[in-house]
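Novice:
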Amino acid sequence: MKSLRYSVLLLAWVLLISCGEKEPVKVGFTSWLSGPNSVLGIAGRDAVELAFDQVNEAGGINGRLVELVIKDDLGDAEQAVKGDRELIDAGCVAILGHMHSSMCIAALPQINEQKILMISPTASSDQLSGQDDYFFRIAPLASMEIEKLAKYAVDNLNLKNMVCVYDMSNQGYSERWNSDFNGELKKSGRSFIRSIPFNSVENPDYGKIAESIMSAEPDGLLLVANSISTALICQQLDKRDARIGLLSTGWANSDDFIQTGGPAVNGVTFAQARDLNSSGEKYRDFVDSFKESYNRAPDMASIYSYEAALVMIDLLKKTTDRDKLREELKSTGRFDGLQQDITFDAFGENRQEEYFYLQVRDGKLVTINP
């Protein structure tokens with residue numbers, strides 16, 4: 001099916017060129033696309049490509065095709081800034097990305113200086129909030145997810161002696177999870193009994209991490225890491241017959257997490273702003289299209305990224321002028337999402353109160369009602 005889509009897209013290009021139409025509208029996409037932390041970026045790239053393929057197959061934006069220009073930020077701040085500069089120089093009118101909060105934090109000064117709209121599908125760090133700038137995002141603030149997950153830990157699991165393990169490869173995101181989740185626990189007279197930082201790009205010894213967790217004798221664990229690292233830590237804990245409550249973040253919530261972790265990740269719980277099991281027609285159409293194109297189910301990053309592309313497409317239908325896109329987004333404010341409206345506030349935050357609890361059971365993510 002993917003080859004058929006490209007054939008249709010190629011035909012559309014030929015027809016437009018033969019009719020002397022304008023050049024395509026260029027939109028950049030940038031994320032970590034290689035190495036151990038590439039799962040999030042690949043999911044995002046695939047979803048954005050799907051959305052743009054669909055709009056191009058339908059004739060493009062006012063007769064112009066959308067060309068996606070892709071850069072790999074390598075999870076490196078300097079490379080992120082360099083890649084964004086290359087996208088700007090290539091004539092991109094806006095950028096979708098970065099997927100990791102730390103890369104967005106690094107990119108922000110140049111984005112504002114160059115006055116180019118950036119929409120991140122997944123970056124949720126509160127360090128990026130409260131600024132009237134050129135940065136917008138689809139994922140709600142991490143603080144909202146933290147509040148919901150901490151409430152579940154206290155009210156539903158009654159966890160009193162929790163450990164936090166957090167991956168410093170995405171420092172701007174993971175450090176805030178460690179500190180802010182602990183702050184939520186303190187509201188109930190509790191706190192982390194141990195916090196364990198590590199860096200997933202430095203070939204960590206997951207067995208030693210598991211030993212450090214177990215030696216603290218916790219009743220619960222918060223894992224703030226990518227999908228693979230989170231799964232490998234769960235496997236090491238399973239080998240040690242750990243019987244503790246397991247909580248994780250949207251960063252780990254991908255198909256690779258369950259595939260890698262196997263039975264060891266059963267019981268891991270997430271608090272998410274989208275329901276992977278929604279029966280809504282628009283969402284199910286997206287799921288079917290994604291599966292048809294990539295032979296796998298979409299994950300949370302795929303959902304957010306597709307929605308970011310939908311917002312971008314809606315904006316481009318109104319203007320393809322780079323200098324007007326930000327103000328067009330601010331004046332529109334509300335956009336159609338896959339499951340609910342996407343509403344941006346004055347600072348580019350997607351304010352959403354509804355959350356869903358998802359838990360791994362028998363190798364599947366199911367929606368629970370605690």
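Numbering (the UniProt record's numbering) for the sequence shown: 1 to 370.
Glycine included, C-beta positions come from ideal geometry on N, C-alpha and C.
(1) Who are the Cβ neighbours of C164 in its own chain at under 6 Å, not counting the five residues just before and after it?
(2) Evaluate contact between the segment 150–167 and the segment 117–124, counting only Cβ atoms and requiring at least three cross-stretch pairs below 8 Å.
(3) So what does DSSP say about M214, is it helix, strand or coil?
(4) Would you identify the three-state DSSP class for V8, choosing helix, strand or coil?
(5) Could you pull the start and end residues of the alpha helix (DSSP H) that Q114 belongs to?
(6) Measure the alpha-carbon distance for S169 versus N199 and round it to whole angstroms.
(7) Using C-beta distances below 8 Å, list every residue in its chain close to V69, excluding the 5 sequence neighbours before and after it, in chain order.
(8) Roughly how many angstroms lie between the CA atoms of L15 and E57, to the nearest whole one?
(9) Can you tell me which of V311, Q339 and L338 puts its alpha carbon nearest to the alpha carbon of E328?
(10) Report yes if the C-beta distance between M99 and G44 is below 8 Å; otherwise report no.
(11) Could you tell me the distance, in whole angstroms, from the CA atom of residue 426 to the CA atom of E217?
(12) Please confirm whether S302 and D46 have their CB atoms less than 8 Å apart.
(13) Counting Cβ pairs, one atom from each stretch, are 3 or more of them under 8 Å apart for the segment 246–263 and the segment 340–353?
(14) Could you tell me which residues DSSP puts in a beta bridge with Y166?
(15) List in chain order: all unbroken alpha helix (DSSP H) runs of 4+ residues lying wholly within the segment 299–361.
(16) On the CB-based measure, 16 or more other CB atoms within 10 Å of its CB, does N37 come out buried or exposed?
(17) When you compare only the Cα positions, how much space is there between A252 and Q54?
(18) Tell whether a beta-carbon distance below 8 Å holds between L50 and I42.
(19) Based on Cα-Cα distance, which residue from A77, Q236 and L247 lies nearest to G172?
(20) Considering only residues of the segment 14–59, which uninterrupted beta strand (DSSP E) runs meet the minimum length of 3 residues and lie entirely inside it, listed in chain order?
(21) Measuring CB atoms only, is the segment 105–117 touching the segment 133–145, in the sense that at least three cross pairs come out at less than 8 Å?
(22) If you pair each beta-carbon of the segment 147–155 with each one of the segment 268–279, do three or more pairs fall below 8 Å?
(23) State the Cα-Cα distance for the pair residue 371 and L185, rounded to the nearest angstrom.
(24) Determine the DSSP secondary structure at L117, reduced to helix, strand or coil.
(25) Measure the Cβ-Cβ separation of A153 and G220 and say whether it is below 8 Å.
(26) Helix, strand or coil for S248, going by three-state DSSP, please let me know.
(27) Would you report the Cα separation of I244 and L40, rounded to the nearest angstrom?
(28) Ordered along the chain, which non-local residues of its own chain (more than five positions away) have a Cβ less than 8 Å from that of C234?
(29) Quick one: which unbroken alpha helix (DSSP H) runs of 4-plus residues sit fully inside the segment 117–192? Chain order, please.
(30) Quick check: I138 and Y304, are their CB atoms within less than 8 Å of each other?
(31) Classify V268 as helix, strand or coil using the three-state DSSP reduction.
(32) Run through DSSP, which three-state label would A77 get?
(33) Assign R240 to one of three DSSP states: helix, strand, or coil.
(34) In the DSSP assignment, find the unbroken alpha helix (DSSP H) run with E281 in it and report its ends.
(35) Which residue's Cα is closest to the Cα of L141: P370, F344, N369 and M162?
(36) What does the Cβ neighbour count give for D285, buried or exposed, with the cut at 16 atoms within 10 Å?
Specialist: According to the structure data:
(1) N178, F192, S195 and L222
(2) no
(3) helix
(4) Low confidence applies here, because V8 scores a pLDDT of 47, under 50, leaving its location unreliable; read the following figure in that light. Three-state DSSP puts V8 in a helix.
(5) S101 to Q114
(6) 5 Å
(7) K26, V27, G28, F29, L87, A90 and C92
(8) With a pLDDT of only 48 at L15, under 50, the local geometry of the prediction cannot be trusted, and the value read off the model is given with reservation. Cα to Cα, the separation comes out at about 12 Å.
(9) V311
(10) yes
(11) In this structure the chain extends from 1 to 370, so residue 426 is not present and cannot be described.
(12) yes
(13) no
(14) P197 and V224
(15) 300–318 and 322–332
(16) buried
(17) 28 Å
(18) no
(19) A77
(20) 25–31
(21) yes
(22) yes
(23) The question about residue 371 has no answer, for the chain in this structure spans 1 to 370.
(24) strand
(25) yes
(26) strand
(27) 27 Å
(28) L223, L246, G261, A264, V265 and V268
(29) 142–151 and 171–186
(30) yes
(31) coil
(32) helix
(33) coil
(34) E281 to Y294
(35) F344
(36) exposed
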